[in-house]
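Residue numbers (our numbering), protein chains in the order written: chain C, 247 to 390; chain W, 3 to 248. Working notes, structure below.
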């Protein structure tokens, strides 16, 4: 594996968030990904950064092509989903922050460098939904 | 609306989500865009070079660009050069930390105090590069500097807002030239400027139109005439759609 990607002993679901800098939804996507891999499913989910996929890094491409992948996009351009697909990856589930926000209208995200409480809660809600998908994918892989 | 006449500097951060230094690049770029040089800088998401359109891929040719990377893989610098244009400058956070004896930043998701210091330090270095690049003349067609006198300085604008070009990049328009579809970078902006200047789609406008298009796009030798006709036709259509006689 690349020195930038952690070695994994057992199958993990790959998480690829948006790498947007200038918009709140990009921050929500990233925070949701961190919430998922650090707090909710550290044993079964791992993050692959978009920048490595853009550069065509061999190990990053292997990671997304060899494992089911969940993408989290911050805007309609869906860079994460498109890059995983262009890298030969299998997008098992693509989340769009705006779609998730429509389900949690009370959690209005604000802030870019630092999210407000609504943004943090929205990211957590998204991470919870993604965690369920991770569980299904892991269970499916073990049964398959 | 992008001001065609005002030169800005592009910032492309690696934003590497798996590294502390990646977080430093993202927050340092944001600090420059929002606080230090809000009216002089724009950014673009790195993946848009591949996932976006022609306007996005024109970014590093249109703007002199500073690539800000977290590690020696230099994803931002290498991908920018590969898909858009050679960065005018490049910064590496891990080098900045080592060379300036800064404490090692930690915390991918929440930076520690050393991480915040690295953000501030990196942002200041980016801002210095921005100032240096604004003092040089940039050829948007060639995507490189012109060896000549510095550009005149302009008065700072009052608004403070991060300019993120995610989702827009450089506006482009495809037109038919001599039977071929050709993508013209910045054409919607050029049309908007001509309209704002009161230029009608007439023979007296064609020279201005061609010269403005030439700044951002290569025009093949011997094709001035066909380009002029196609551009004027496209401007005629745009002009009619704006309902300027109302």
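Backbone N, C-alpha and C fix where the C-beta goes; we use that ideal spot for every residue, glycine too.
Membership of residue 331 (chain C) in the alpha helix (DSSP H) is indicated by the continuous run 325-332. Counting C-beta pairs with one atom in each stretch, the region 68-80 of chain W and the region 351-358 of chain C have fewer than three that are closer than 8 Å, which means they do not touch. Taking 8 Å as the CB threshold, residue 123 (chain W) stays off the interface with chain C. Of all residues in the region 69-99 of chain W, the ones placed with a Cβ closer than 9 Å to any Cβ belonging to chain C are 71, 72, 73, 75, 76, 77, 78, 80, 81, 84, 85, in chain order.
Collapsing the DSSP output to three states places residue 117 (chain W) in a helix. For residue 376 (chain C), there are no neighbours in chain W by C-beta distance under 7 Å, as the nearest C-beta there is about 15 Å away. Taking 8 Å as the threshold, the shortest C-beta distance from residue 15 (chain W) to chain C falls below it. Among the residues of chain W, none has a CB under 8 Å from the CB of residue 387 (chain C); the nearest is roughly 23 Å distant. Neighbours of residue 318 (chain C) in chain W, taken as residues at a C-beta separation under 7 Å, are lacking, since the least C-beta distance is about 11 Å. A distance below 8 Å between beta-carbons, with the five flanking residues on each side excluded, links residue 85 (chain W) to the following residues of its chain, in chain order: 51, 52, 59.
Contact annotation: the region 174-189 of chain W touches the region 53-72 of chain W, with at least three C-beta pairs closer than 8 Å. DSSP, read as helix, strand or coil, puts residue 202 (chain W) in coil. Residue C:315 holds the alpha-carbon nearest to the alpha-carbon of residue 338 (chain C) among C:320, C:262, C:315, C:326.
Residue range 174-179 is occupied by the beta strand (DSSP E) that includes residue 178 (chain W), with no alpha helix (DSSP H) assigned at that position. The beta carbon of residue 258 (chain C) lies closer than 7 Å to those of 290, 291, 292, 313 in the same chain, with the five residues before and after it left out. Between residue 368 (chain C) and chain W, the shortest Cβ-Cβ separation is not below 8 Å. In this structure, DSSP gives residue 276 (chain C) a helical state, which the three-state scheme calls helix. Shown here for residue 268 (chain C): same chain residues with a beta carbon closer than 8 Å to its own, the five before and five after excluded, namely 358 in chain order.
When secondary structure is reduced to three states using DSSP, residue 188 (chain W) falls in the coil class, being assigned neither helix nor strand.
By the C-beta density criterion, residue 285 (chain C) is exposed, having fewer than 16 other C-beta atoms within 10 angstroms.
Any Cβ of chain W closer than 8 Å to the Cβ of residue 274 (chain C) would place that residue at the interface, and such an atom is absent.
The C-beta of residue 100 (chain W) has fewer than 16 other C-beta atoms within 10 Å across all chains shown, which makes the residue exposed.
For the pair residue 206 (chain W) and residue 88 (chain W), the Cα-to-Cα distance works out to about 37 Å.
Going by DSSP, residue 141 (chain W) is part of no alpha helix (DSSP H) but of the beta strand (DSSP E) stretching over 139-141. Contact annotation: in the region 45-63 of chain W, residues whose CB is within less than 8 Å of a CB in chain C are 45, 47, 48, 49, 50, 51, 52, 53, 54.
The continuous beta strand (DSSP E) containing residue 12 (chain W) extends over residues 11-15. Chain W has a Cβ within less than 8 Å of the Cβ of residue 328 (chain C). Residues of the region 280-311 of chain C with a Cβ closer than 8 Å to any Cβ of chain W, in chain order: 280, 284, 293, 294, 295, 296, 297, 298, 299, 300, 301, 303. Interface criterion not met: the Cβ of residue 363 (chain C) is under 8 Å from no Cβ in chain W. Under the three-pair Cβ rule at 8 Å, the region 65-72 of chain W counts as touching the region 16-28 of chain W. Neighbourhood of residue 359 (chain C) in chain W, by CB distance below 7 Å: 29, 32, in chain order.
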